[in-house]
Each structure stands twice: as structure tokens, then as C-alpha cells.
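Undergrad: To start, I am sharing the structure in question, which I have written as C-alpha cells.
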Amino acid sequence: MANGWAVVEANEEIDIASAPLVQAAVIRRLAQGHRHFVLDLCSTSFLDSMGLGMIVAVTKRIKSHHGSLRIACSDEWLLHVFFLGGLRHVYSFHDSVEQAIAQSPTQRGLLVDLAGATDAPQLQ
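Residues 58 to 181, numbered by the numbering used here, are exactly what the sequence shown covers, in order.
This is the structure:
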């Protein structure tokens, strides 16, 4: 916990094998009462559609608990994956975890309502 944020660090790859582990970490922390999250993708070099789908799924779960999510990621390729998935405008991206946690949580970590979003975004 840092400045009111629960930081969840992802592995080097978020794919079909590792996405459920990240999702389980978020769900476990929600059950412990955490509501505001930073997903640390600073060490992540690969993200596929399964990873994007997991991020959308945990976002919906966080929102259902009146929480917020920020993403720490400065990798242009990963940011492009979010863009291709139609999600670049949805999240608050920060170059580092330190930047993401600099301000205490508000509901502004999520920029749009994901009520209509699918659990598995399609890359275009």
C-alpha cells in the first residue's frame, strides 16, 4: 500500500498463463478491503488480448467496489496495444509507479464507464 494505492506488479508477460495470476492478486486485495489500484506494467514486455481482457475484467470488478485503477507503463509498444484494443483513452497511464501514486486516490483513475465494455477486447 502506497499513498492509498494497492500496487499490483505484473510479470514480464501478461498472457493466457499469467493473466489469471494478476487477476487473482487484484481479487484477493479487493477482498482485503483495498479499492484503489495501480497496475505496474513497467517490467512487462508482452501483453496479448487475454491480458487486455483480464485488465477490463478487473476494472469492472474494481468499479463495482467503487474503486479506481491507474496503470504504470511507459513502454510505447504496450501503450500501442491498449490503443489497438480501443482502451488507450479509458485508463489513466503514468510513466512510473511513483507518478501513479503521487496523488491520493480519487474516482478519476478510470476515465470512462466500462459498463458496456466486453470482457475480451478485440485487437483491430
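Ideal Cβ placement from N, Cα and C applies to all residues, glycine included.
Does any residue of chain D bring its CB to less than 8 Å from the CB of F140?
TA: Judged by its chain identifiers, the structure shown contains no chain D, having just a single protein chain.
Undergrad: Under a Cβ-count criterion, where at least 16 other Cβ atoms within 10 Å of its own Cβ denotes burial, should H151 be classed as buried or exposed?
TA: Buried, because 16 or more other Cβ atoms sit within 10 Å of the Cβ of H151.
Undergrad: Is E70 near S102, with beta carbons less than 8 Å apart?
TA: Yes. Within cutoff.
Undergrad: For A182 and L98, which I take to be in contact (beta-carbon distance under 8 Å), what is that distance rounded to the nearest angstrom?
TA: Any property of residue 182 remains undetermined from this structure, which presents the chain solely from 58 to 181.
Undergrad: Any contact between the region 80 to 91 and the region 139 to 146? By contact I mean 3 or more CB pairs, one from each, below 8 Å.
TA: No, the region 80 to 91 is not in contact with the region 139 to 146.
Undergrad: When the Cα of D72 is compared with those of H91, A63, I112, which residue comes out closest?
TA: The shortest C-alpha separation from D72 is found at I112.
Undergrad: Just list the residues that DSSP pairs W62 with in beta bridges.
TA: Paired residue(s): A59.
Undergrad: Got a sec, what are the start and stop residues for the beta strand (DSSP E) I128 sits in?
TA: Here the beta strand (DSSP E) through I128 covers 125 to 129.
Undergrad: Out of L104, Q156, S125, T116, point me to the one whose CA is closest to L136's CA.
TA: Here the closest residue by C-alpha is L104.
Undergrad: Give me the DSSP bridge partner(s) of S149.
TA: Note: S149 sits in a beta bridge opposite R127.
Undergrad: Hey, out of G90, S106, Q80, whose CA is closest to K117's CA?
TA: The residue with the shortest Cα to Cα distance from K117 is Q80.
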